[in-house]
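Here the sequence shown is numbered in our numbering, starting from 2 and rising by one per residue.
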Amino acid sequence: MTEQITPSDKLRVTYQQPSEQGYYGSFGGAYIPEMLYRNVEELRTKYLEIINEEGFQKEFSELLKDYAGRPTPLYHAKRLSDRYKTTVYLKREDLCHTGAHKINNTIGQILLAERLGKKRIIAETGAGQHGVATATVCALKGVQCIVYMGEKDIERQAPNVARMKMLGATVIPATSGSKTLKDATNEAIRDWINNPNDTHYIIGSVVGPHPYPDMVARFQSVISEEMRWQLKEKTGSELPNYVIACVGGGSNAAGAFYHYLDEPSVQLIAVEAAGEGVNSGKSAATTQLGKPGILHGSKSLLMQTEDGQVVEPHSISAGLDYPGIGPLHAHLFESGRAVFMSATDNKALNAAFELAKLEGIIPALESAHALHALKMINFKKTDVVVVCLSGRGDKDLATYMMHMK
């Protein structure tokens, strides 16, 4: 069991915004091939101006409300609270249109692409939720959509593949490497290099070259923005004791943490996928197994061999099956602002079945990793704990069926 966690007192003035070059502490930046320089530089120099425009903010807010279904509820999980002898709230991102938090970011990025004059959208996806969310906004705006997805993930996330195709997207399998999220990202970057003029790459997490980690975090920050006023209504205080979220690349965690990053009394808990065990050789627990390196355009922590080759990750959840984390999270880990834990496949499955039976909510396997943290911390009865329930479990039913007792 983990004792009371005290955040590091080595806090910067702000954790929210990276430096002008896109660094959070020593992590971030833009490490890109020459062919992509123009695209990335166009984004870097224009994104803040565009997303801060009154017209952009008005359309973004209206679509989040009327199309995505925000605000999502902050649900007091009473039976779960009784089980863990504390007060547990679930931030219900599973109730967003398309079934996960991913739609927050894709709405923002399609509006950005529209203002940049891009007519073709590419994306990568692991669990399929980002692919569905991208296909959804492309259908909304009548824009061509190509989604790259690992061949292994296509097999284990068949319902989401069908949804993407029904929405009009072309799904292209990535057949190299582990045939999962890392490889889908590689293929999407290759596409972007070959189609630099008319194409915008909607990255689904807080990874990639600057400005993507900052941009995605800003679009997802609506999660913690809502949490603050919802907690105020329910508890009288905007500040919980703990915010817990799963982390692969880390977009739902970035959104859930964002408006608490500079509130040192709020303890931030990130839960990675330990797969079959941290030291089993089949894991995705990046902070425990990784070291600094360059992956997909930024410097962060990633799992790699002594000579710098990327180690293939493993997780039962396709959305956490990634060998690195976003640079913001690497900085939160290194500075001690967030505490990183991990959950094995079996622990995540147990947490998912527990939530289903206690609260009538079937979570995504990704979210189930976050729920396992409830077992790992000694909470006080007076604590207020918020778990970001990043997605719903429909897409994982085939996996759950294989493990039903």
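From the three backbone atoms N, C-alpha and C, an ideal C-beta is built for every residue, glycine too. Quick caveat, the model's predicted, so the values are computed rather than measured.
For the alpha helix (DSSP H) that contains residue i, what are its first and last residues?
i           : result
residue 228 : 223-236
residue 373 : 366-373
residue 173 : Per DSSP, residue 173 belongs to no alpha helix (DSSP H); it is in the beta strand (DSSP E), 171-175.
residue 400 : 398-403
residue 45  : 35-52
residue 69  : It is not in any alpha helix (DSSP H) - residue 69 carries neither H nor E in the DSSP assignment.
residue 380 : Unbroken run through residue 380: none, as it is neither H nor E.
residue 130 : 130-142
residue 192 : 182-195
residue 159 : 159-167
residue 254 : 252-258
Mind checking whether residue i and residue j have CB atoms under 8 Å apart?
i           : j           : result
residue 138 : residue 107 : yes
residue 129 : residue 396 : yes
residue 259 : residue 17  : yes
residue 180 : residue 77  : no
residue 327 : residue 274 : no
residue 241 : residue 385 : yes
residue 296 : residue 325 : yes
residue 214 : residue 113 : no
residue 393 : residue 369 : no
residue 52  : residue 109 : yes
residue 135 : residue 203 : yes
residue 120 : residue 158 : no
residue 186 : residue 317 : no
residue 269 : residue 219 : no
residue 253 : residue 102 : yes
residue 178 : residue 125 : no
residue 272 : residue 290 : no
residue 288 : residue 334 : yes
residue 227 : residue 233 : no
What residue range is occupied by the uninterrupted beta strand (DSSP E) comprising residue i?
i           : result
residue 125 : 121-126
residue 313 : Element bounds for residue 313: n/a, residue is neither H nor E.
residue 275 : 268-276
residue 243 : 243-247
residue 146 : 145-151
residue 299 : 299-303
residue 292 : 292-296
residue 200 : 200-203
Whose C-alpha, out of the options, is nearest the C-alpha of residue i?
i           : options            : result
residue 26  : 336, 124, 89       : 336
residue 262 : 67, 196, 291, 332  : 332
residue 382 : 45, 43, 70, 83     : 83
residue 117 : 194, 136, 43, 257  : 43
residue 104 : 221, 215, 74       : 221
residue 170 : 123, 191, 361      : 123
residue 359 : 311, 132, 351, 80  : 80
residue 390 : 219, 200, 405, 363 : 363
residue 143 : 264, 111, 218      : 111
residue 387 : 231, 59, 350       : 231
residue 93  : 379, 380, 405, 361 : 361
residue 163 : 37, 133, 316, 54   : 133
residue 378 : 60, 308, 85        : 85
residue 46  : 62, 63, 22         : 22
residue 195 : 24, 37, 401, 20    : 37
residue 188 : 55, 41, 173        : 173
residue 24  : 367, 102, 298, 193 : 298
residue 257 : 278, 217, 291      : 217
residue 140 : 279, 20, 239, 167  : 167
residue 357 : 115, 405, 315, 199 : 405
residue 198 : 20, 35, 39         : 39
residue 315 : 60, 182, 66        : 182
residue 193 : 367, 41, 403, 398  : 41
Going by DSSP, what residues sit across from residue i in a beta bridge?
i           : result
residue 90  : 77, 387
residue 101 : 392
residue 345 : 276
residue 325 : 303
residue 28  : 25
residue 285 : 274
residue 339 : 269
### Query
How about the segment 149-163 and the segment 82-92: do they share at least three Cβ pairs that are nearer than 8 Å?
Short answer: they don't touch.
### Query
So, do the segment 29-47 and the segment 209-216 have three or more beta carbon pairs nearer to each other than 8 Å?
Yes, the segment 29-47 is in contact with the segment 209-216.
### Message
Would the segment 308-325 count as touching the segment 244-264 if we require 3 or more Cβ pairs under 8 Å?
### Response
The segment 308-325, when compared against the segment 244-264, does touch it at the 8 Å Cβ threshold.
### Contact the segment 341-350 vs the segment 365-373: 3+ CB pairs below 8 Å
Yes, the segment 341-350 touches the segment 365-373.
### Query
Using 8 Å as the threshold, is the segment 63-76 in touch with the segment 96-104, meaning 3 or more CB pairs across them?
Flag = yes, the segment 63-76 and the segment 96-104 touch.
### Task
Indicate whether the contact test is met: 3 or more Cβ pairs, each with one atom in the segment 299-315 and one in the segment 277-286, closer than 8 Å.
They touch, by the three-pair rule.
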